[in-house]
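Residue numbers (our numbering): 76 to 304.
Note that the Cβ used here is the ideal one computed from N, Cα and C, for glycine as well.
Predicted, not measured: the structure shown is a model, and the values here were computed from it.
Everything below concerns the one structure shown next.
So this is what it looks like as structure tokens:
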């Protein structure tokens with residue numbers, strides 16, 4: 076069994092010790108909310124795609140910062156961006172483009188079957204299946220083989236990973252519910268809507284960072300155990 080409790084406290088310590096990263100995440104969340112509130116018009120969909128790519132780049136850099144802090148080999152934001160952004164985005168596309176197509180498949184084959192609920196369930200399944208993929212990418216240093224290796228590690232360590240799987244599902248369900256609630260209160264006005272949406276985005280970002288660090292600690296422990304054999 077993995078020492079998940081200790082890893083969780085280690086992750087919280089890193090968050091507290093390096094507050095500049097925390098404030099950067101808050102700033103990104105606020106900027107994202109303001110951008111969505113004011114960027115309206117004919118090019119809105121295109122701008123949202125650009126914003127999504129930008130968010131992926133931010134995730135790549137922030138994860139890279141936390142990974143290097145764990146490894147005690149922090150370089151610089153620029154160097155981290157050069158190393159991780161493009162491979163991270165490519166890995167993400169390899170993970171979720173097939174997942175999206177698979178989620179849309181029931182609706183294409185049987186009209187009326189591919190409702191929102193089924194789509195959410197399928198995407199959550201892939202989210203859990205890919206639990207170790209991104210941490211594996213950082214630990215291994217290469218996107219090649221990360222999907223297979225991450226899934227293989229999850230299957231081999233399913234029992235030890237059960238607590239974190241349950242927590243991941245709980246948070247996924249919570250954020251899905253909050254997203255549904257947000258759509259219902261959109262009529263209250265753009266300021267209230269985007270303020271709440273920004274708060275949820277920042278919270279989700281923090282939760283993802285904590286999960287990422289915990290999973291990196293798990294992979295490091297597993298590798299150390301293998302090296303000792």
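- Burial of residue 145 is indicated by the presence of at least 16 other C-beta atoms within 10 angstroms of its C-beta.
- Residue 236 sits in a helix when the DSSP states are folded into three classes.
- Between residue 239 and residue 281, the C-beta spacing is not below 9 Å.
- Remark: fewer than three beta-carbon pairs, one from each stretch, lie closer than 8 Å, so the stretch 88-107 and the stretch 290-298 are not flagged as touching.
- Around the beta-carbon of residue 128, fewer than 16 other beta-carbon atoms lie within 10 Å, marking it exposed.
- By the neighbour-count criterion, in which 16 or more other beta carbons inside 10 Å mark a residue as buried, residue 177 falls on the exposed side.
- Using a C-beta cut-off of 8 Å, the stretch 161-174 makes no contact with the stretch 232-252, since fewer than three inter-stretch Cβ pairs fall below that distance.
- For residue 213, the enclosing alpha helix (DSSP H) has its first and last residue at 208-215.
- In this structure, the beta-carbon distance from residue 192 to residue 247 does not fall below 9 Å.
- Around the C-beta of residue 284, 16 or more other C-beta atoms lie within 10 Å, and the residue is accordingly described as buried.
- Under the 10 Å beta carbon count, residue 221 is surrounded by 16 or more other beta carbons and is classified as buried.
- For residue 96, same chain residues with a beta-carbon under 8 Å away, outside a window of 5 residues either side, are 90, 137, 140, 141 in chain order.
- Taking C-alpha positions only, residue 214 is separated from residue 277 by approximately 25 Å.
- Shortest Cα-Cα distance from residue 216 to any of 103, 106, 135 involves 135.
- Ranked by Cα distance from residue 242, the options 290, 143, 133, 212 are led by 290.
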